[in-house]
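Structure first, commentary second.
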Amino acid sequence: MRQQKKQSQWRYYFVYAFLILLCGALVVRLVQLNLVQRSFLLSKSDARIIRKVPIPASRGIIYDRNGVPLAITASVKSIWINPQIFAPSITQLSQLASLLKMDVATIESLSNAKSHKHFVYLKRRIDPKVSKTIMALKIPGVFDEKAYKRFYPNAEVDAQVVGLTNVDDKGQSGLELAFNHWLAGQDGMKKVMRDRLGQTISDLGLIKAPQDGKDLTLSIDQRIQFLAYMAVMHAVQKYHAQSGSAVVMDPKTGEILAMVNAPSFNSNAPGKDMGQFRNRAVTDMYEPGSVMKPFTVAMGLQSGLYTPDSTINTNPGWLHVGGYTVRDDTYNGIVNLTQLLQKSSNIAAAKIMLSLNPTEYWQFLHNIGFGHPTASGFPGEVGGSMRDRRIWRPSVVASMAYGYGISVTPLQLAAGYAVLANHGIKMPVTFVKQTQLSKGKQVVDAKVADEVVQMLKSVVARGGTGTRAEVKGYQVAGKTGTTYLADAGGYDKKNFNGSFVGIAPADNPQLVVAVAIHKPQGQHFGAIVAAPAFAKIMAGALNILNISPVSKI
Numbered sequence: 081m082r083q084q085k086k087q088s089q090w091r092y093y094f095v096y097a098f099l100i101l102l103c104g105a106l107v108v109r110l111v112q113l114n115l116v117q118r119s120f121l122l123s124k125s126d127a128r129i130i131r132k133v134p135i136p137a138s139r140g141i142i143y144d145r146n147g148v149p150l151a152i153t154a155s156v157k158s159i160w161i162n163p164q165i166f167a168p169s170i171t172q173l174s175q176l177a178s179l180l181k182m183d184v185a186t187i188e189s190l191s192n193a194k195s196h197k198h199f200v201y202l203k204r205r206i207d208p209k210v211s212k213t214i215m216a217l218k219i220p221g222v223f224d225e226k227a228y229k230r231f232y233p234n235a236e237v238d239a240q241v242v243g244l245t246n247v248d249d250k251g252q253s254g255l256e257l258a259f260n261h262w263l264a265g266q267d268g269m270k271k272v273m274r275d276r277l278g279q280t281i282s283d284l285g286l287i288k289a290p291q292d293g294k295d296l297t298l299s300i301d302q303r304i305q306f307l308a309y310m311a312v313m314h315a316v317q318k319y320h321a322q323s324g325s326a327v328v329m330d331p332k333t334g335e336i337l338a339m340v341n342a343p344s345f346n347s348n349a350p351g352k353d354m355g356q357f358r359n360r361a362v363t364d365m366y367e368p369g370s371v372m373k374p375f376t377v378a379m380g381l382q383s384g385l386y387t388p389d390s391t392i393n394t395n396p397g398w399l400h401v402g403g404y405t406v407r408d409d410t411y412n413g414i415v416n417l418t419q420l421l422q423k424s425s426n427i428a429a430a431k432i433m434l435s436l437n438p439t440e441y442w443q444f445l446h447n448i449g450f451g452h453p454t455a456s457g458f459p460g461e462v463g464g465s466m467r468d469r470r471i472w473r474p475s476v477v478a479s480m481a482y483g484y485g486i487s488v489t490p491l492q493l494a495a496g497y498a499v500l501a502n503h504g505i506k507m508p509v510t511f512v513k514q515t516q517l518s519k520g521k522q523v524v525d526a527k528v529a530d531e532v533v534q535m536l537k538s539v540v541a542r543g544g545t546g547t548r549a550e551v552k553g554y555q556v557a558g559k560t561g562t563t564y565l566a567d568a569g570g571y572d573k574k575n576f577n578g579s580f581v582g583i584a585p586a587d588n589p590q591l592v593v594a595v596a597i598h599k600p601q602g603q604h605f606g607a608i609v610a611a612p613a614f615a616k617i618m619a620g621a622l623n624i625l626n627i628s629p630v631s632k633i
């Protein structure tokens, strides 16, 4: 009996001691958790339920000079999943795939491949209405978030100039890229609390407010841009050309009022052909041909060796220069400088250049803007090319006089004629609307520039090569150009570039228009394939800008 009592007491003390130790351990653990490891545990807890979420900033709007939006940012949604809790039914998966225009297999493969992650995009920048429908399906592990998408109201018309942004709304080409630092905002950041399913329970506060991008006003006039695009596209289609470009400039300010290319593309659904993004007006070089003759004449006049009345003998219709023969398309006999341009005499142009210092001609062209990029800042702009002046042979000098042996872009041609139209003053080329006139540089004598413009009126008048460039009610000064395309074996006599560059009104120049048509089929002369497009663009632009003719024809 006494022994049983001792055993009972022993069990009592054992249990009592055990409970005391257990309570002590619990107290120690509580102290450890609440005091010693509190910061560590809280940080781990926060890491699981508190997230830093970016607040996207809106990209700045691009406007034309009159306030017409060319690129705007619309609010959209992006759909993402948490693969670890993504568990749709067969019906839900089918509905999700249909709404996102994706294959069921693609969604399953993406979820399985990223099963170790908590965040995977299914589709970015979709219509908010579609996102709302998806979220109404209440699929475990499917979420949406606010995003922005760039939209281009004039798509094909502005595509290569305005450019594109990527899925993160960052500029990738064109002016979107050139001015990305200006247009792009800075995303903000906030703290949110999320449950184990990844759903936001509440906002915990703003860390950094988003800063929206700045708006940009271009020099482009969308009205002129549209009519230029239609004119070039019509010419490309009519003559089955490979491509065409046009540039419209204000010679007094250096502003680009229009720059177009055909064929173009829909910048709201650009596709995968990277070649279509190229702005040919600034990236594609070609030998310009006779549109360079006005600069040859200007150099001759500026040298003091020639006057507008100087005559040049083109007999007998050909000229041998260093084993190379220069010919005219027609027999011209003795011509003055105006007739040189009107009849487009290669021989007369070559003789002028051969009588001058070739180094001075190289410097003359360089000062005007040939052989190096303009100041436009357009991404990918090339500078054209001129042969090294130290190795200029007589045949090189002769051919450069009428536009061979030198490569230019349509923008360079427009900018060069703008110098002549602006009394020899070169203005910085710009895509941005100018609120204050920049200071230009006198690169051609004013008297010489004005004389050349007056001579160029004869090209469009009766008897000239550019009569199809006539604009009713206005005097136009301009020049045609037709060149063979160079290839590895020399010149391809079956492929051409046709161009026309002109100024109006000739008595008080307000606009310069350059048109280049690449590889036209059938007809190929610049007077036929490019001059009519020039006339449409110039006539429309003069009317849009309400520019009155100074003197009527």
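Numbering (the numbering used here), first residue to last: 81 to 633. Glycine included, each C-beta is placed from N, C-alpha and C at the ideal position.
For K229, the pairing in a beta bridge is given by DSSP as A154. Just so you know, the alpha carbons of S435 and N146 end up roughly 49 Å apart. Beta-carbon to beta-carbon, G293 and G140 are separated by about 4 Å, close enough to satisfy the 8 Å threshold.
Looking only at E335, T171, V401 and G546, the smallest Cα-Cα distance to A498 is reached by E335. In the three-state DSSP reduction, Q522 falls in the strand class (E or B).
Distances from the CA of Q590 to each of Q603, M618 and T489 were compared; the closest alpha carbon is that of M618.
Here Q514 is actually not in contact with T454; their C-beta atoms are around 15 Å apart, not less than 8 Å.
Take M372, set aside five residues on each side of it, and the residues of its chain with a beta-carbon closer than 6 Å to its own are G483, in chain order. Taking a cut-off of 8 Å for Cβ pairs, the segment 210–228 and the segment 149–157 touch, as three or more such pairs fall below it. Looking at the DSSP output, I414 bridges to N393. By alpha-carbon distance to L622, the top candidate from D572, N577 and V556 is V556. DSSP, read as helix, strand or coil, puts P149 in strand. In this structure, the straight-line span from the alpha carbon of Q240 to that of V327 is close to 13 Å.
Collapsing the DSSP output to three states places T562 in a strand. In the DSSP assignment, I206 is bridged to K157. The three-state reading of DSSP puts V462 in coil, since its state is none of H, G, I, E or B. Within the model, the alpha-carbon separation for A607 versus V512 is close to 32 Å. Taking the CA atoms as reference points, P350 sits about 10 Å from E236.
With 16 or more neighbouring CB atoms inside 10 Å of its own CB, M379 falls in the buried class. Close CB contacts of P220 within its chain, under the 8 Å cut and outside five residues either way in sequence, are with I165, F166, A167, P168 and L277 (chain order). According to the DSSP secondary-structure assignment, R358 is paired through a beta bridge with no residue. The continuous alpha helix (DSSP H) containing N260 extends over residues N260 to L263.
Of the residues assessed, T387 falls on the exposed side of the cut-off, its CB having fewer than 16 other CB atoms within 10 angstroms. Per DSSP, the unbroken alpha helix (DSSP H) holding T439 starts and ends at P438 to I448.
Secondary structure of G268 (DSSP, three-state): strand. Per DSSP, the continuous alpha helix (DSSP H) segment holding Y497 begins and ends at P490 to A501.
Only residues of its own chain outside the window of five on either side were considered, and among them H503 have a CB closer than 7 Å to the CB of D530, listed in chain order. Secondary structure of Q555 (DSSP, three-state): coil. In the three-state scheme derived from DSSP, where H, G and I count as helix and E and B as strand, F511 is classed as coil. The segment 564–631 contains, as complete beta strand (DSSP E) runs of 3+ residues, the segments 570–584 and 591–598 (chain order). Distances from the CA of L385 to each of V488, F614 and K431 were compared; the closest alpha carbon is that of K431.
Runs of beta strand (DSSP E) with 3 or more residues, each lying fully within the segment 172–222, are found at 200–206, listed in chain order.
Less than 7 Å divides the Cβ of R360 from the Cβ of S323.
Here P343 has M313, V316, S323 and Q356 as same chain residues with Cβ atoms under 8 Å from its own Cβ, once five neighbours each way along the sequence are excluded. In the DSSP assignment, H400 falls outside any alpha helix (DSSP H) and within the unbroken beta strand (DSSP E) covering W398 to V401.
As computed with DSSP, V340 is found in a beta bridge with A326.
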